[in-house]
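If you're matching positions, the sequence shown starts at 6 in our numbering and goes up one per residue.
C-beta atoms are modelled at their ideal positions from N, C-alpha and C, and glycine is treated no differently.
Just so you know, these numbers come straight off a predicted model, no measurement behind them.
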Amino acid sequence: MKLSTRSRYGLKAVVDIAAQEGKSVSIKSIAARLAISENYLEQLIIKLKKAGILNSVRGAGGGYSLKLSPEDITVGRILNILEGSLYPAKCLDSTDETCGDGVCSPCVTKGVWEKIYESVTNVVESITIMDLVNNHRKLYGDD
């Protein structure tokens, strides 16, 4: 499974915002620290704000901050907001009766996709934004 830049950059942005410990952070400053296009970052931030992850403050000194505690936000939640489903195969989506590859039932490979999905989900739901902020501090000496 390969994640898009949406989730990779979006996750980095959320960690960057969380590392600022409640201060409002501008898109411009996040983009500069992460070397990400401001326009692209803005699209990701809007999705995260609509999903209830971020607060925004307008005006001088404004920007974005976490709406929730970093301990309460998992990597999985961010990935689901930005990527949609993390299913490795279309056939796992309960709203889709077919996989697009012909007859799907019985499918000899569906169990493989289910195990991959369960494993990935267990990992990304076990890691919080606070875990990543702590890693950030260790890496960059922000203690």
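- Contact check between the stretch 34-51 and the stretch 88-96: fewer than three CB pairs, one atom from each, fall below 8 Å, which does not count as touching.
- Of all alpha-carbon atoms in Ile35, Leu8, Thr10, the one lying nearest the alpha-carbon of Val19 is that of Ile35.
- Secondary structure note for Ser70: its beta strand (DSSP E) is the uninterrupted segment 68-71.
- Collapsing the DSSP output to three states places Ser31 in coil.
- If you look at Leu59, you'll find it in the beta strand (DSSP E) that goes 59-62.
- Burial is judged here by how many other beta carbons sit within 10 angstroms of a residue's own beta carbon; Thr114 has fewer than 16 and is exposed.
- Take the alpha-carbon of Glu47 and the one of Tyr145: they are about 25 Å apart.
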